[in-house]
Amino acid sequence: MKLDAFSIHVPASTANLGPGFDSVGLAVNRYLSVHVQPSEAWETVYHGKELQGLNDDKDNLIIHAAQYVAEQYNQKLYPCRLEVESSFPPSKGMGSSASAIVAGVELANILLDLKLSKKEKAFYAVSLEKHPDNVVPAIFGGLTISFYNGKDVETVHVPDIAVEMIIAIPDEVLHTKESRKSLPNLLPFNKAVEASAISNVLVAALIKNDWEKAADMMNRDLFHEPFRVKHIPFYTDLKQKAVSLGAYGAAISGSGPAIVFFTPHQKAASITEQLSSAYPEYHFETVFPDRKGVLVNKSLSAAAL
Ligand code: HSE
């Protein structure tokens, strides 16, 4: 089946929320957009300064993910020209590779008319990303709590999350693979039990919309923040300052180096302004939960024409 041009929009996401390591994620209203036109050969054009580093086609996660899905159905994709733009930077902890994988899964879904359910999309995307905490919210929108053991993926989806966020983005990049090298291979049993109880309370607090308790649990994380904090400049100071200005609390966004702050309704913009003048080392943006997840529409952006 030959299709007209279409566009895929995938939200960014913030993963972990502290102790929800490799499981909990929240979709954020920043987007990777892929404008697709059937073509004679595969071609990817990246728009914007932030994406220039991705110009190497052998690392093209979008095409790789699309071809992976096609192979699962013994099908071949016809070639397309992809124009890619993003309103969030890669390798900062905002789920950029997960968004690219989800875009690729959706690309195959449309080109091959697979009619995949969200759960099926999540399964293919997690098979590639290996942990579900960015890809699943990018597919479902909202908050997701997921489990993946290499074979099965299970998710509880909480579409409506009443919180505002601030993302603090430093200049440096930190690749997830590098950041994961700081983590221990094993936790003693008693630590693992404590860490999992902290995560359980985090999730219950998020579902009850009790952000004070959720922030308290973020501060108690034992799974990854204690090992990664050294890579995040001024993390403790920034968190204290943000809380003194009215934020609930903060967490390392995904594997970092970005930080995500959670704030009450209509507080984020003023806190963003005050943090921006106090910490010029970071770029601060107010963001909100995305509630829809990946979307496809038939119109091309101006960039792709
Ligand atoms: N859970 C992942 C990590 C998210 O913290 O390494 C980043 O891909």
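With this note's numbering as the guide, the letters of the sequence shown map in order to residues 1376 to 1680.
By construction, the Cβ of each residue, glycine as well, lies at the ideal position given by its N, Cα and C atoms.
Every value quoted in this text rests on a predicted model; they were computed, and no experiment measured them.
Assuming contact is defined by CB atoms lying nearer than 8 angstroms, are residue i and residue j in contact in what I supplied?
i: residue 1472; j: residue 1504; result: yes
i: residue 1475; j: residue 1518; result: no
i: residue 1651; j: residue 1659; result: yes
i: residue 1479; j: residue 1416; result: no
i: residue 1646; j: residue 1621; result: yes
i: residue 1566; j: residue 1576; result: no
i: residue 1399; j: residue 1578; result: yes
i: residue 1419; j: residue 1539; result: no
i: residue 1656; j: residue 1545; result: yes
i: residue 1497; j: residue 1528; result: yes
i: residue 1634; j: residue 1654; result: no
i: residue 1386; j: residue 1516; result: yes
i: residue 1414; j: residue 1455; result: yes
i: residue 1605; j: residue 1379; result: no
Pick out whichever of the options has its Cα sitting closest to the Cα of residue i.
i: residue 1405; options: 1513, 1502 and 1657; result: 1513
i: residue 1553; options: 1562, 1602 and 1590; result: 1602
i: residue 1388; options: 1484, 1443, 1449 and 1520; result: 1520
i: residue 1502; options: 1489, 1482, 1524 and 1484; result: 1524
i: residue 1671; options: 1485, 1530 and 1592; result: 1485
i: residue 1600; options: 1391, 1380, 1383 and 1384; result: 1391
i: residue 1537; options: 1642, 1411, 1446 and 1481; result: 1642
i: residue 1561; options: 1487, 1493 and 1598; result: 1598
i: residue 1397; options: 1633, 1649 and 1628; result: 1628
i: residue 1449; options: 1420, 1483 and 1613; result: 1483
i: residue 1453; options: 1412, 1490 and 1463; result: 1412
i: residue 1487; options: 1469, 1516 and 1443; result: 1443
i: residue 1329; options: 1626, 1455, 1631 and 1617; result: Coverage of the chain is limited to positions 1376 through 1680, which leaves residue 1329 absent and any answer about it impossible.
i: residue 1510; options: 1401, 1382 and 1633; result: 1401
i: residue 1648; options: 1543, 1591 and 1414; result: 1543
i: residue 1618; options: 1586, 1438 and 1568; result: 1586
i: residue 1526; options: 1500, 1644 and 1550; result: 1500
i: residue 1489; options: 1451, 1464 and 1522; result: 1451
i: residue 1551; options: 1644, 1564 and 1470; result: 1470
i: residue 1570; options: 1613, 1592, 1612 and 1661; result: 1592
Per DSSP, what are the beta-bridge partners of residue i in this structure?
i: residue 1460; result: 1408
i: residue 1540; result: 1637 and 1662
i: residue 1613; result: None; residue 1613 has no bridge partner.
i: residue 1632; result: DSSP lists no partner for residue 1632.
i: residue 1386; result: 1406
i: residue 1418; result: 1456
i: residue 1381; result: 1411
i: residue 1623; result: According to DSSP, which records beta bridges pairwise, residue 1623 is partnered with nothing at all.
i: residue 1401; result: 1389 and 1518
i: residue 1618; result: Paired residues: none, contrary to the question.
i: residue 1672; result: 1382
i: residue 1657; result: 1545
Throw me the rounded Cβ distance for the residue i and residue j pair, which I believe falls under 8 angstroms.
i: residue 1548; j: residue 1466; result: 4 angstroms
i: residue 1636; j: residue 1541; result: 4 angstroms
i: residue 1477; j: residue 1669; result: 5 angstroms
i: residue 1508; j: residue 1666; result: So it is not a contact: roughly 18 angstroms between Cβ atoms.
i: residue 1458; j: residue 1422; result: 7 angstroms
i: residue 1626; j: residue 1468; result: So it is not a contact: roughly 10 angstroms between Cβ atoms.
i: residue 1481; j: residue 1582; result: 28 angstroms between Cβ atoms; not a contact.
Examine chain D for any beta-carbon lying closer than 8 angstroms to the beta-carbon of residue i, and answer yes or no.
i: residue 1653; result: Reference to chain D is not applicable here, since this structure consists of a single protein chain.
Residue ranges of each beta strand (DSSP E) run of no fewer than 3 residues wholly in the stretch 1502 to 1565, ordered along the chain? Counting whole runs of 3 or more residues, the stretch 1502 to 1565 contains the beta strand (DSSP E) stretches 1518 to 1523, 1528 to 1533 and 1539 to 1545.
In chain order, what are the residue ranges of uninterrupted alpha helix (DSSP H) at least 4 long that sit wholly in the stretch 1572 to 1597? 1586 to 1594
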